[in-house]
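Scroll down for the structure; my scribbles are underneath it.
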Amino acid sequence: MSLAPDEVRRIAKLARLALDADAVEAYAHDLSSILAFVEQLDAAPTEGVEPMAHPQDATQRLRPDAITETNTRERFQAIAPAVEAGLYLVPKVIE
651 MSLAPDEVRR IAKLARLALD ADAVEAYAHD LSSILAFVEQ LDAAPTEGVE
701 PMAHPQDATQ RLRPDAITET NTRERFQAIA PAVEAGLYLV PKVIE
């Protein structure tokens with residue numbers, strides 16, 4: 651698929667992009683090359699290929715789900731200006 655300069659200008663307008671008039675031809679060429687590559691990818695035979703989340707059969711190393719710090723909530727709420735029912739109270743900022 652080849653894009654004409656008028657199509658590139660229209661796409662830029664729809665995307666709210668400002669294009670330099672001198673660069674429109676170059677953008678048309680570059681975008682046409684990208685679309686041609688996508689067409690090549692679309693032509694690849696993919697029947698019977700299972701979708702996968704990652705190209706390698708790897709698992710993520712996870713740390714153990716264990717508590718590593720003590721609960722200091724009461725200490726921090728003791729120095730807070732206003733606390734109610736375990737929640738910090740802040741001034742209203744939206745009317």
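Using our numbering, read the sequence shown as starting at 651 and increasing by one per residue.
Every residue, glycine too, gets a C-beta built ideally from N, C-alpha and C.
Since this is a predicted model, take the numbers as computed values, not measurements.
| query | result |
| --- | --- |
| Do V674 and R660 have their C-beta atoms closer together than 8 Å? | no |
| Taking the C-alpha atoms as reference points, what is the distance between D715 and M702? | 27 Å |
| Go ahead and pull the three-state DSSP assignment for E700. | coil |
| Return the bridge partner residues of L737 from the DSSP annotation. | E734 |
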